[in-house]
Amino acid sequence: MKFHSTSASDIYVGGSAGWFEPGFPWFYTTWAQNTEFHLHDRLIFNFSTGEHTVAEVTPEAFVVCDGSHPIQFLTGGPAFVSINTASDRYFICSIGNHCNSGQKFNFNVKTNAYTS
1 MKFHSTSASD IYVGGSAGWF EPGFPWFYTT WAQNTEFHLH DRLIFNFSTG
51 EHTVAEVTPE AFVVCDGSHP IQFLTGGPAF VSINTASDRY FICSIGNHCN
101 SGQKFNFNVK TNAYTS
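If you count the sequence shown from 1, position 48 lands on 48 in full-length UniProt numbering, and the numbers rise without skipping.
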């Protein structure tokens with residue numbers, strides 16, 4: 001049976017692994033494809049300050065791993081991002097070659113209430 005709820009969730013980016021340079025490009029893509037993102041959820045990027053960044057970028061910047069003009073830029077870990085609008089979102093790490101190594105993901109925010 002499905003029900004509607006207004007409860008928001010904390011979403012730990014990368015699950016228990018956290019926000020790290022995976023070394024293979026599909027880690028965060030697979031994680032994001034298996035995660036539902038809803039309005040009012042909160043993303044938690046678990047990393048040590050100085051090891052990574054969280055750059056929210058445009059779709060074009062996401063494709064080429066360009067963090068030079070981010071929409072939002074966080075350097076301290078853990079970092080928190082609230083999902084307050086229904087839109088496509090794109091996140092990368094802007095340090096070194098981390099993004100090209102797979103430290104990036106994108107998702108679409110679901111506008112409907114939680115179901116189960």
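We put the CB at the ideal spot given by N, CA and C, even for glycine. Every value quoted in this text rests on a predicted model; they were computed, and no experiment measured them.
CA-CA distance, residue i and residue j?
i      : j     : result
Phe37  : Ile11 : 8 Å
Gly23  : Ile71 : 25 Å
Cys65  : His40 : 27 Å
Val13  : Ser68 : 22 Å
Thr30  : Leu43 : 16 Å
Val57  : Arg89 : 8 Å
Tyr28  : Ser9  : 19 Å
Asp109 : Leu74 : Reading the sequence as shown, one finds Val at residue 109 and not Asp. Each residue's Cα considered, the two are about 20 Å apart.
Gly96  : Ser7  : 37 Å
Considering only the beta carbon of each residue, do residue i and residue j sit closer than 8 Å?
i     : j     : result
His52 : Gly77 : yes
Asn34 : Phe62 : no
Trp19 : Phe45 : yes
Sequence ranges, alpha helix (DSSP H) only - wholly within the UniProt domain "Phytocyanin" (9-111), length at least 4: 27-33 and 59-64
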